[in-house]
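Working notes, beginning with the structure itself.
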Amino acid sequence: MTFARNLRCRECGRLYPLDPVHVCEFCFGPLEVFYDYRALARTLTRARIERGPPTMWRYADLLPCEAETAVDIGTGMTPLLRAANLGRLLGLNRLYIKNDCQNPTWSFKDRVVSVASSVARQFEFDTLACASTGNLANSVAAHAARAGMKAIVFIPADLEQGKIVGSAVYGPTLVAVDGSYDQVNRLCSELSDKYPWAFVNINVRPYYAEGSKTLAYEVCEQLGWQAPDHCIVPMASGSLFTKIYKGIKELAWLGLVDWRATRMSGAQAEGCCPIVEAWQRQSFDVRPQKPNTIAKSLAIGNPADGYYALKTLAHTSGEGVAVSDDEIVEGIRLLAETEGIFAETAGGVVVAALKRLAQQGRIGGDELVVAFITGAGLKTQEAVAQRLQPPLAIQPTMASFEEALSERMGALPASRRG
Amino acid sequence: MAKQRVKFTFPTELIKEPVIWKLGREFDLVTNVRRADVTEDRGWVVLELEGDIGEIERGVRWVQGQGVRVDPVPGDIVEG
Chain A
1020 MTFARNLRCR ECGRLYPLDP VHVCEFCFGP LEVFYDYRAL ARTLTRARIE RGPPTMWRYA
1080 DLLPCEAETA VDIGTGMTPL LRAANLGRLL GLNRLYIKND CQNPTWSFKD RVVSVASSVA
1140 RQFEFDTLAC ASTGNLANSV AAHAARAGMK AIVFIPADLE QGKIVGSAVY GPTLVAVDGS
1200 YDQVNRLCSE LSDKYPWAFV NINVRPYYAE GSKTLAYEVC EQLGWQAPDH CIVPMASGSL
1260 FTKIYKGIKE LAWLGLVDWR ATRMSGAQAE GCCPIVEAWQ RQSFDVRPQK PNTIAKSLAI
1320 GNPADGYYAL KTLAHTSGEG VAVSDDEIVE GIRLLAETEG IFAETAGGVV VAALKRLAQQ
1380 GRIGGDELVV AFITGAGLKT QEAVAQRLQP PLAIQPTMAS FEEALSERMG ALPASRRG
Chain B
4 MAKQRVKFTF PTELIKEPVI WKLGREFDLV TNVRRADVTE DRGWVVLELE GDIGEIERGV
64 RWVQGQGVRV DPVPGDIVEG
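Going down the list, the sequences are from chains A and B. In terms of our numbering, the first sequence opens at residue 1020 and continues consecutively. In terms of our numbering, the second sequence opens at residue 4 and continues consecutively.
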């Protein structure tokens, strides 16, 4: 059952009923779902969660809709892997990777869209909508298909064909907008006012954002019901970052984990780092930027939750890190070559930030660290394709093979015949 | 009549300019400020514009032309 009781303004604290609204009518501040934590504390136990389904919906009590009516394509309970090889390289003895590449559309967006589409169906919307260059579009199209809803997905007119397929296959109405990034933003804002659609990150955003908390719940449960010492999280709008922290706090309030004062560190690309830039100035004033980075999934120049992400960074003594495109590519390769996980560019940002923090001694070697890898690398192959070793080209003869291999490796490996 | 919620972000050189007052005078628009944060070198204002939709668009273009950044209230909507 859900224990969600109200929406509450994050600025002025006014309460609203659980309706498809996202902005406070008084101060235009963002709304957030508020739960009856006393009732939750009386009901929710580790055993109750462990009896639930092997998906994110085992945490339905902590989400704003019922598990029985959820639009579920099998999202969540993704692996938490002990990253011994990468940890050894970075001098981190207790490093874990939360591999959210393994969701149904290969990114963490399935968590937020699963909640948004479930709520949208409860509110009797018949259409899901979003504007996206990749992961969000894929997930909205897939969930709409599962829910029997229509989907309208706005994409930039110059989006690569390969990225269109991952959405088009689910049968949405794809709208290619020929305009600047800012123009598309304004158009979508106006469309959400005009049409009766569930625009997942606009009018149902308070619910949508709650889906990210399940990453924190899973990590704590997979660690044997303990919170990490330190989380390294990619930041785009800043919502994921703040909601992971909210999830950890909720479990501690409810007595399901011990409070460990988890540090929250956020990673961005140098080519779009409005949150880290403000953190470096020691300011809560986020200055919008024009994105220019290969990490397209993090390229949000005017982040909706930037201010709240900065508050979380400050409150938890976390670190803000911005890394270059070269470091991102190196990060993708490092994770792949040490742990066998092929992440998209946002994962490269996280690994590069982790590396920098470890090298600078800003993470302790014995801290229990979780790095959040939020999307799969097959979606952004172009970022690394040119930097990988080409295959050895040989003729179908032993001599040709051995010549090519010894050129590449310097010497031939020992043969079985000695 | 249409309503639009927008966020104006002012650069340092426009902090002292009465841009919102001028917007209400030059265009047939009602401006209704809901939240703001203005310091000596930077400022933002969240407000509602009410008027004919064409007049709102013309007014927003004029504000942008003055050097003010105009964004939807929820921040960037296009996500990766």
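Quick reminder that beta carbons are idealized off the backbone N, C-alpha and C, glycines included. Nothing here was measured: the structure is a model prediction, and the numbers come from that model.
If the criterion is Cβ atoms closer than 8 Å, does the pair residue i and residue j meet it?
{"i": "residue 1341/A", "j": "residue 1257/A", "result": "no"}
{"i": "residue 1172/A", "j": "residue 1160/A", "result": "yes"}
{"i": "residue 1115/A", "j": "residue 1135/A", "result": "no"}
{"i": "residue 1255/A", "j": "residue 1322/A", "result": "yes"}
{"i": "residue 1119/A", "j": "residue 1392/A", "result": "yes"}
{"i": "residue 33/B", "j": "residue 39/B", "result": "no"}
{"i": "residue 1111/A", "j": "residue 1360/A", "result": "no"}
{"i": "residue 1193/A", "j": "residue 1186/A", "result": "yes"}
{"i": "residue 1290/A", "j": "residue 1312/A", "result": "yes"}
{"i": "residue 53/B", "j": "residue 1155/A", "result": "no"}
{"i": "residue 1219/A", "j": "residue 1166/A", "result": "no"}
{"i": "residue 1285/A", "j": "residue 1332/A", "result": "yes"}
{"i": "residue 1394/A", "j": "residue 1316/A", "result": "yes"}
{"i": "residue 1269/A", "j": "residue 1026/A", "result": "no"}
{"i": "residue 1443/A", "j": "residue 1325/A", "result": "Not covered by the structure: residue 1443/A. The range shown for chain A is 1020 to 1437."}
{"i": "residue 1371/A", "j": "residue 1356/A", "result": "no"}
{"i": "residue 1042/A", "j": "residue 1049/A", "result": "yes"}
{"i": "residue 80/B", "j": "residue 1239/A", "result": "no"}
Can you look up residue i in the DSSP assignment and give me helix, strand or coil?
{"i": "residue 1373/A", "result": "helix"}
{"i": "residue 1141/A", "result": "helix"}
{"i": "residue 1029/A", "result": "coil"}
{"i": "residue 19/B", "result": "coil"}
{"i": "residue 1244/A", "result": "coil"}
{"i": "residue 1360/A", "result": "coil"}
{"i": "residue 1339/A", "result": "strand"}
{"i": "residue 1189/A", "result": "coil"}
{"i": "residue 1239/A", "result": "helix"}
{"i": "residue 1118/A", "result": "strand"}
{"i": "residue 1420/A", "result": "helix"}
{"i": "residue 79/B", "result": "coil"}
{"i": "residue 1149/A", "result": "strand"}
{"i": "residue 1394/A", "result": "strand"}
{"i": "residue 1129/A", "result": "helix"}
{"i": "residue 74/B", "result": "strand"}
{"i": "residue 1276/A", "result": "coil"}
{"i": "residue 1049/A", "result": "strand"}
I want to verify the contact list: residues of chain B whose CB lies under 8 Å from the CB of residue i, in sequence order.
{"i": "residue 1154/A", "result": "82, 83"}
{"i": "residue 1042/A", "result": "8, 76, 77"}
{"i": "residue 1315/A", "result": "83"}
{"i": "residue 1220/A", "result": "77, 80, 82"}
{"i": "residue 1150/A", "result": "80, 81, 82"}
{"i": "residue 1224/A", "result": "77"}
Quick one: give me the first and last residue of the beta strand (DSSP E) that residue i is part of.
{"i": "residue 1249/A", "result": "1249-1253"}
{"i": "residue 1284/A", "result": "1282-1288"}
{"i": "residue 1062/A", "result": "Element bounds for residue 1062/A: not the beta strand (DSSP E) but the alpha helix (DSSP H), 1056-1062."}
{"i": "residue 1293/A", "result": "First-last for residue 1293/A: 1293-1299, but that is the alpha helix (DSSP H), not the beta strand (DSSP E)."}
{"i": "residue 1100/A", "result": "1099-1101"}
{"i": "residue 1159/A", "result": "Element bounds for residue 1159/A: not the beta strand (DSSP E) but the alpha helix (DSSP H), 1154-1166."}
{"i": "residue 6/B", "result": "5-13"}
{"i": "residue 39/B", "result": "33-41"}
Kindly indicate the opening and closing residues of the alpha helix (DSSP H) around residue i.
{"i": "residue 1311/A", "result": "First-last for residue 1311/A: undefined, no H or E at that position."}
{"i": "residue 1260/A", "result": "1258-1272"}
{"i": "residue 1174/A", "result": "No alpha helix (DSSP H) holds residue 1174/A; the beta strand (DSSP E) holding it covers 1169-1175."}
{"i": "residue 1066/A", "result": "1065-1069"}
{"i": "residue 52/B", "result": "Here residue 52/B belongs to no alpha helix (DSSP H); instead the beta strand (DSSP E) covers 46-54."}
{"i": "residue 1043/A", "result": "Segment: none, residue 1043/A is in no alpha helix (DSSP H) and carries neither H nor E."}
{"i": "residue 1084/A", "result": "Taken as a continuous stretch (DSSP letters only), residue 1084/A belongs to no alpha helix (DSSP H), as it is neither H nor E."}
Residue i touches chain B at which residues, Cβ-Cβ below 9 Å?
{"i": "residue 1319/A", "result": "78, 79, 81, 82, 83"}
{"i": "residue 1415/A", "result": "Residues of chain B passing the Cβ test: none, with the nearest at roughly 43 Å."}
{"i": "residue 1203/A", "result": "80, 81"}
{"i": "residue 1322/A", "result": "78, 79"}
{"i": "residue 1419/A", "result": "Simply none; closest approach about 44 Å."}
{"i": "residue 1030/A", "result": "38"}
Check the Cβ of residue i against every Cβ in chain A and list those closer than 7 Å, keeping chain order.
{"i": "residue 45/B", "result": "1304"}
{"i": "residue 72/B", "result": "1307"}
{"i": "residue 12/B", "result": "1307"}
Which chain B residues sit within Cβ distance under 7 Å of residue i?
{"i": "residue 1200/A", "result": "81"}
Please list the partners that residue i has in chain A, where partner means a Cβ-to-Cβ separation under 9 Å.
{"i": "residue 49/B", "result": "1046, 1047, 1048"}
Using a Cβ cut-off of 8 Å, pull out every chain A residue sitting near residue i, in sequence order please.
{"i": "residue 37/B", "result": "1045, 1046, 1047"}
Chain-ordered residues of the stretch 1241-1274 of chain A with a beta carbon less than 7 Å from chain B
From the stretch 1241-1274 of chain A, only 1255, 1256 have a Cβ closer than 7 Å to chain B.
Could you list the residues in the stretch 1288-1304 of chain A with a C-beta less than 8 Å from some C-beta on chain B, going in chain order?
Under the 8 Å Cβ criterion, the stretch 1288-1304 of chain A contributes 1304.
Short of 7 Å Cβ to Cβ, which residues in the stretch 1168-1182 of chain A face chain B?
Per Cβ criterion, the list is empty.
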